[in-house]
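Residue numbers (the numbering used here), protein chains in the order written: chain C, 2 to 248; chain D, 2 to 248; chain F, 2 to 248; chain E, 2 to 248.
For each residue, glycine too, the CB sits at the ideal point set by N, CA and C.
There are 4 protein chains.
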Amino acid sequence: MAAKQAIALVAGVGPGTGAAIAKKFASLYNVVLLARTPNSYEATVKEINESGGTAIGFPADVRDEVSIKNVFEQVTKEFPDKPVAAAIYNVGGVFIRKPFLEQSVEGFKLGYETSVLGAFIFAQAALPHLISAARSSLSHPPSLFFTGATAAVKGSPYLQSFSPGKYALRSLTQSLAKEFGPEGVHVSHFIIDGVIDTPKTKEWLKDAPEGSKIDPAAIADTYWAVHQQPRTTWTWELDIRPYVEKW
Amino acid sequence: MAAKQAIALVAGVGPGTGAAIAKKFASLYNVVLLARTPNSYEATVKEINESGGTAIGFPADVRDEVSIKNVFEQVTKEFPDKPVAAAIYNVGGVFIRKPFLEQSVEGFKLGYETSVLGAFIFAQAALPHLISAARSSLSHPPSLFFTGATAAVKGSPYLQSFSPGKYALRSLTQSLAKEFGPEGVHVSHFIIDGVIDTPKTKEWLKDAPEGSKIDPAAIADTYWAVHQQPRTTWTWELDIRPYVEKW
Amino acid sequence: MAAKQAIALVAGVGPGTGAAIAKKFASLYNVVLLARTPNSYEATVKEINESGGTAIGFPADVRDEVSIKNVFEQVTKEFPDKPVAAAIYNVGGVFIRKPFLEQSVEGFKLGYETSVLGAFIFAQAALPHLISAARSSLSHPPSLFFTGATAAVKGSPYLQSFSPGKYALRSLTQSLAKEFGPEGVHVSHFIIDGVIDTPKTKEWLKDAPEGSKIDPAAIADTYWAVHQQPRTTWTWELDIRPYVEKW
Amino acid sequence: MAAKQAIALVAGVGPGTGAAIAKKFASLYNVVLLARTPNSYEATVKEINESGGTAIGFPADVRDEVSIKNVFEQVTKEFPDKPVAAAIYNVGGVFIRKPFLEQSVEGFKLGYETSVLGAFIFAQAALPHLISAARSSLSHPPSLFFTGATAAVKGSPYLQSFSPGKYALRSLTQSLAKEFGPEGVHVSHFIIDGVIDTPKTKEWLKDAPEGSKIDPAAIADTYWAVHQQPRTTWTWELDIRPYVEKW
């Protein structure tokens with residue numbers, strides 16, 4: 002099958018949300034998958050290519066500016082002259098849950114670096130491509146999406162290495178939406194509130210009612226719906242949770 | 002064309018968002034349109050019926066409990082045994098913008114009654130039907146949607162007859178989402194931030210960049226996308242604004 | 002003891018927060034206490050007068066515009082030529098906690114009327130006096146304070162007759178702060194989050210750690226501290242909760 | 002004059018808010034002033050000591066864990082057996098305002114490090130002392146206060162190196178309030194919204210109405226009022242702005 006006319010990048014692809022988003026966006030775009038280690042994205046790359054889509058993966062650490070710039074250069078070589086229609090930052094904040102007084106400076110920095118420093122680096126690499134894409138005639142406005150969490154709007158004990166980074170990410174996305182909206186780039190922040198149904202969470206919530214975990218494919222459908230919004234009618238932020246979630 | 006298998010009600014149908022939502026939901030449902038006066042919905046009813054859908058309209062004042070209960074009874078007679086798949090409260094708060102000290106008690110009440118008292122009455126009439134629908138096998142979870150405004154999250158001078166009602170509505174929708182989510186009813190609140198492109202606003206923002214007004218059809222697409230979310234993956238709240246909006 | 006040079010009005014005086022605020026403000030002002038029935042304020046009026054302050058009470062229903070206007074007229078007669086230094090709306094929202102589908106329209110309106118309609122009426126009667134006081138040479142800027150609740154920022158199941166009114170009140174206070182701040186009137190909103198220690202709550206939280214209830218006298222100290230802020234340095238909103246409160 | 006019975010530390014002391022807070026808290030406590038360079042605090046230390054208080058200063062970079070731990074060790078030696086009654090993080094976020102695509106990774110990190118990493122390090126050093134003080138019989142509960150900014154609740158274009166750090170700080174303070182409130186430590190976050198009247202801002206807002214800048218001494222009074230709250234009646238967050246501020 003012929004390659005698609007534009008590119009979607011997804012950073013933070015494991016077997017859950019990232020894979021689902023990549024598969025969804027592969028219906029219209031060539032997808033580029035980023036993860037720290039290839040085994041996080043290899044199965045998804047294979048699945049997309051085998052089902053008629055076009056996907057490639059790159060190992061990259063979003064905290065490493067050089068690494069991310071290299072990826073964008075390679076993408077440009079791989080898909081010359083194709084605009085970037087979507088760049089999605091889905092990197093889960095890595096963090097260490099523990100009492101505040103037992104947290105190390107390194108542990109505290111970890112959440113910041115994976116949640117928001119990586120987002121900064123990714124956004125800076127992606128935006129010139131997205132701004133340029135906004136001037137081409139794509140079917141949907143180019144999108145810069147960020148996956149957030151409940152911890153972006155609520156601080157909790159023991160989550161000092163997670164929540165501040167997610168608050169910071171939320172703030173960054175709002176700054177970006179205000180700065181780059183008028184340039185035609187659609188910036189959105191998705192607050193995922195609940196347990197996502199992935200291999201890792203298979204044994205969680207065993208006693209909860211059926212459907213208590215968020216479906217990654219349905220998250221991907223929502224990202225896709227937001228991506229399809231015309232520039233007159235953009236969503237910056239929405240929340241997503243299961244019907245039985247307490248909040 | 003045969004009638005559809007379920008019903009969608011839209012309260013607050015004029016030539017803008019309400020009409021667009023009705024037309025969108027008419028692709029899958031028999032639609033019932035409510036407005037205070039028939040001339041608000043007649044053109045849309047006609048358009049839907051002529052293009053192969055099924056629509057009826059009822060004049061009703063959402064502030065009048067009896068009036069709204071009557072509508073639901075008539076709907077039940079009109080479409081016997083059909084579940085209610087969606088009930089959408091799109092009534093724009095009526096209000097009077099003026100200095101606080103010139104505002105009358107009646108003017109202050111007006112915003113409250115149209116924004117949130119009407120929503121209370123509409124929700125109470127709709128929920129038994131929606132809960133019942135949640136136990137049937139509809140393609141999408143039954144939805145109870147409310148159209149809100151920026152004034153739901155930001156108080157402003159001269160808007161005392163508008164903003165408190167919108168804050169109250171937002172609160173009501175959160176209470177309802179928490180109470181009826183576990184019963185399978187999807188409750189959402191849409192914050193519309195900007196000028197909607199309707200006949201009434203035709204002359205507004207003449208000097209603004211192209212695309213500075215929100216497209217009602219795109220709002221309807223977003224409502225539809227949220228309606229399609231499975232119960233594992235529900236959005237309670239999202240905002241919608243044009244790419245050039247200052248916020 | 003000679004009467005003080007200015008007046009403070011407190012609406013919603015029972016044996017808890019209202020009484021404590023009245024006693025605190027009586028140290029500098031003649032205080033006027035409002036409640037629906039005189040037995041709510043009589044003990045406090047007596048206590049203030051016996052301890053060298055000046056207090057009078059008026060029965061008034063804040064939902065009744067005429068009743069409130071009468072009070073302000075009588076106050077003007079009682080204390081001729083004295084400016085109004087503070088007007089404090091401390092009326093607890095009256096509401097009925099129950100499942101949404103069992104709530105009546107009257108029950109729903111009750112919370113609205115006591116929380117926000119009364120605040121509207123009280124503010125309209127008080128503001129001309131406060132604006133006028135802002136031009137006199139009082140020691141502290143005239144203040145218009147409102148007691149709010151957690152329900153002003155969080156919707157919950159079964160609280161549909163309470164929370165929307167508190168959201169609306171919060172919005173109203175923000176509108177007022179923005180409109181009347183520049184005129185020299187200090188408008189504030191106090192979010193009380195927790196059980197207040199009053200005769201009514203004597204038996205509550207029996208098994209909780211010592212100090213689990215909010216001290217009305219300490220609330221009054223906080224209101225007083227905010228009242229003392231100069232106009233360069235005003236607080237619109239703060240929260241108050243016990244050290245052990247979960248939130 | 003004899004040294005006071007407890008200690009207050011203020012990190013981030015220049016000629017504005019930090020100095021005012023230090024002078025205010027010096028009325029009851031021995032105060033310890035921290036700044037990166039001694040010339041930031043020397044005048045204030047001198048002024049406090051000359052007016053009968055007790056003050057010492059230490060140069061320290063809040064981003065440097067070792068430096069901050071050293072300060073606390075020295076403080077313990079300087080004032081043996083005296084509890085820490087207050088620790089106030091008043092470090093203004095250092096940041097570089099510029100278009101997002103011109104911002105460097107270092108510039109982005111700068112705001113984070115000064116706003117929130119420093120706060121983390123300071124809080125970790127202070128909390129063991131504050132928890133211990135909560136078990137002694139001080140007149141007021143030990144306090145851990147943080148100075149925030151409007152940018153803590155609102156993202157803006159060109160402020161990507163400032164606002165995310167302030168959001169993160171706000172989140173951190175909420176986590177800390179929830180974790181250490183029950184241990185008797187009062188954690189608060191002050192949102193300063195407006196220009197503070199300092200030597201640096203002397204020429205700003207020249208054409209604005211009188212009183213358009215926030216008075217540092219009045220900020221200090223507010224911090225002091227919050228410090229005096231008993232543990233039954235604590236404020237976590239409040240905002241502060243001039244009466245004419247637009248918001």
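Worksheet item: Is the CB of D/V11 under 8 Å away from at least one CB in chain C?
Response: So, not an interface residue.
Fill in: Contact with chain E by C/I122, beta-carbon distance below 8 Å
Yes, because at least one Cβ of chain E sits closer than 8 Å to the Cβ of C/I122.
Item to complete: Could you pull out every residue in the same chain whose Cβ sits closer than 8 Å to the Cβ of E/A124, ignoring the five residues on either side in sequence?
Response: Excluding residues within five positions, the ones whose Cβ falls inside 8 Å are A88, Y90, L145, L173 and L177.
Practice prompt. Could you list which residues in chain F have their beta carbon closer than 9 Å to that of D/Y147, in chain order?
Written response: A small correction: the amino acid at residue 147 of chain D is Phe; Tyr does not occupy that position in the sequence shown. The premise fails here: D/F147 is roughly 12 Å from chain F at the closest Cβ pair, so nothing lies under 9 Å.
Worksheet item: For C/L35, does the count of other Cβ atoms within 10 angstroms reach 16, so buried, or fall short, so exposed?
Response: By the neighbour-count definition (other C-beta atoms within 10 Å, threshold 16), C/L35 is a buried residue.
Worksheet item: Just curious, the beta strand (DSSP E) that D/V33 is in, first and last residue?
Response: That run of the beta strand (DSSP E) goes N31 to A36.
Discussion item. With three or more beta-carbon pairs closer than 8 Å as the criterion, would you say the stretch 231-241 of chain D touches the stretch 182-197 of chain D?
Written reply: With the cut-off at 8 Å, the stretch 231-241 of chain D and the stretch 182-197 of chain D touch.
Discussion item. Give the list of continuous beta strand (DSSP E) stretches no shorter than 3 residues that lie fully inside the stretch 165-223 of chain C.
Written reply: Listed in chain order, they are 187-193.
Worksheet entry | Interface positions of the stretch 202-218 of chain C facing chain D (Cβ-Cβ less than 7 Å), listed along the chain | For the stretch 202-218 of chain C, the beta-carbon criterion of a distance under 7 Å to any beta-carbon of chain D is satisfied by G212, K214, I215 and D216.
Worksheet item: For a contact meaning CB atoms closer than 9 Å, what does E/R232 contact in chain F?
Response: Chain F residues near E/R232: G212, P243, Y244 and V245.
Item to complete: Return the CA-CA distance between D/E141 and D/A134, expressed in angstroms with no decimal places.
Response: It should be noted that the sequence gives His, not Glu, for residue 141 of chain D. Spanning the alpha carbons of D/H141 and D/A134 requires a straight line of approximately 10 Å.
Discussion item. Between D/Q175 and chain F, is any beta-carbon pair separated by less than 8 Å?
Written reply: So, interface residue.
Discussion item. Buried or exposed for E/P81, going by 16 or more other Cβ atoms inside 10 Å?
Written reply: Looking at its Cβ environment, which holds fewer than 16 other Cβ atoms inside 10 Å, E/P81 is exposed.
Discussion item. Here's the rule I'm using: 16 or more other beta-carbon atoms within 10 Å means buried, otherwise exposed. How should F/P39 be labelled?
Written reply: Its Cβ having fewer than 16 others within 10 Å, F/P39 is exposed.
Worksheet item: For the candidate residues F/G17, F/K70, F/D62 and F/N31, whose alpha-carbon lies nearest to that of F/A1?
Response: A query on residue 1 of chain F cannot be resolved here, the shown segment of chain F reaching from 2 to 248 and no further.
Discussion item. Here's the rule: buried if 16 or more other CB atoms are within 10 angstroms of the residue's CB, otherwise exposed. What is E/G53?
Written reply: Here E/G53 is exposed: its Cβ has fewer than 16 other Cβ atoms, across all protein chains shown, within 10 Å.
Worksheet entry | Contacts of E/G17 in chain C (Cβ-Cβ under 9 Å) | In chain C, no part has a C-beta under 9 Å from the C-beta of E/G17; the shortest such distance is about 24 Å.
Item to complete: Decide if F/D208 is buried, meaning its Cβ has at least 16 other Cβ atoms within 10 Å, or exposed.
Response: Exposed, because fewer than 16 other Cβ atoms sit within 10 Å of the Cβ of F/D208.
Practice prompt. With DSSP collapsed to three states, give me the class of E/P129.
Written response: Helix at E/P129.
Worksheet item: For E/L102, does the count of other Cβ atoms within 10 angstroms reach 16, so buried, or fall short, so exposed?
Response: The residue in question, E/L102, is exposed, as its Cβ has fewer than 16 Cβ neighbours within 10 Å.
Discussion item. I'd like to know whether the C-beta atoms of F/F121 and D/F109 end up nearer to each other than 8 Å.
Written reply: Their beta carbons are under 8 Å apart, which means F/F121 touches D/F109 by this criterion.
Worksheet entry | In chain order, each beta strand (DSSP E) run of at least 3 residues that lies wholly inside the stretch 64-129 of chain D | 85-90, all fully within the stretch 64-129 of chain D.
Worksheet entry | chain F contacts made by the stretch 86-109 of chain D, where a contact means CB separation under 8 Å | Cβ contacts with chain F come from P100, F101, L102, Q104, V106 and F109.
Practice prompt. Report the partner residues of D/F26 according to the DSSP bridge assignment.
Written response: For D/F26, which the question treats as bridged, DSSP gives no partner whatsoever.
Discussion item. Only counting the same chain, and skipping five residues up and downstream in sequence, which positions put a Cβ closer than 6 Å to that of D/N31?
Written reply: Correct list, in chain order: A4, K5, I8, T55 and F80.
Worksheet item: Per DSSP, D/R242 is paired with what?
Response: In DSSP, D/R242 forms a bridge with C/W235.
Worksheet entry | Residue nearest to C/V106 in terms of C-alpha spacing, selected from E/L128, E/L118, E/F96 and E/S157 | Restricting attention to E/L128, E/L118, E/F96 and E/S157, the CA atom closest to the CA of C/V106 is found in E/L118.
Fill in: Candidates E/Q104, E/W237, E/K247 and E/A150, of which the one nearest F/K247 by Cα
Comparing Cα positions, the closest option is E/W237.
Worksheet item: If you draw a straight line from the C-alpha of D/P84 to the C-alpha of D/S68, how long is it?
Response: Straight-line Cα distance between these residues: approximately 21 Å.
Item to complete: Count the other C-beta atoms from every protein chain shown that fall within 10 angstroms of the C-beta of F/T235, then say buried if there are 16 or more, exposed otherwise.
Response: Position check: residue 235 of chain F holds Trp in this sequence, whereas Thr was assumed. So F/W235 ends up on the buried side.
Worksheet item: What do you reckon, are the CB atoms on D/I220 and D/E184 nearer than 8 Å?
Response: Not closer than 8 Å, so no.
Worksheet item: Tell me which same chain residues have a C-beta within less than 6 Å of the C-beta of E/L10, skipping the five on either side of it?
Response: Once the five neighbours on either side are set aside, the close Cβ partners of E/L10 are V33 and A88.
Fill in: C/V14 - containing alpha helix (DSSP H), residue span
Taken as a continuous stretch (DSSP letters only), C/V14 belongs to no alpha helix (DSSP H), as it is neither H nor E.
Worksheet item: In chain order, what residues of the same chain have a beta carbon less than 7 Å from the beta carbon of C/V92, not counting five sequence neighbours either side?
Response: Excluding positions up to five away in sequence, the list reads A12, G13, V63, T115 and G119.
Worksheet item: Out of curiosity, what's the CA-to-CA distance linking E/Q104 and F/Y159?
Response: Distance between the alpha carbons of E/Q104 and F/Y159: 49 Å.
Discussion item. Within 8 Å of any Cβ in chain C, is that where the Cβ of D/L29 sits?
Written reply: Chain C, which has no Cβ nearer than 8 Å to the Cβ of D/L29, makes this no.
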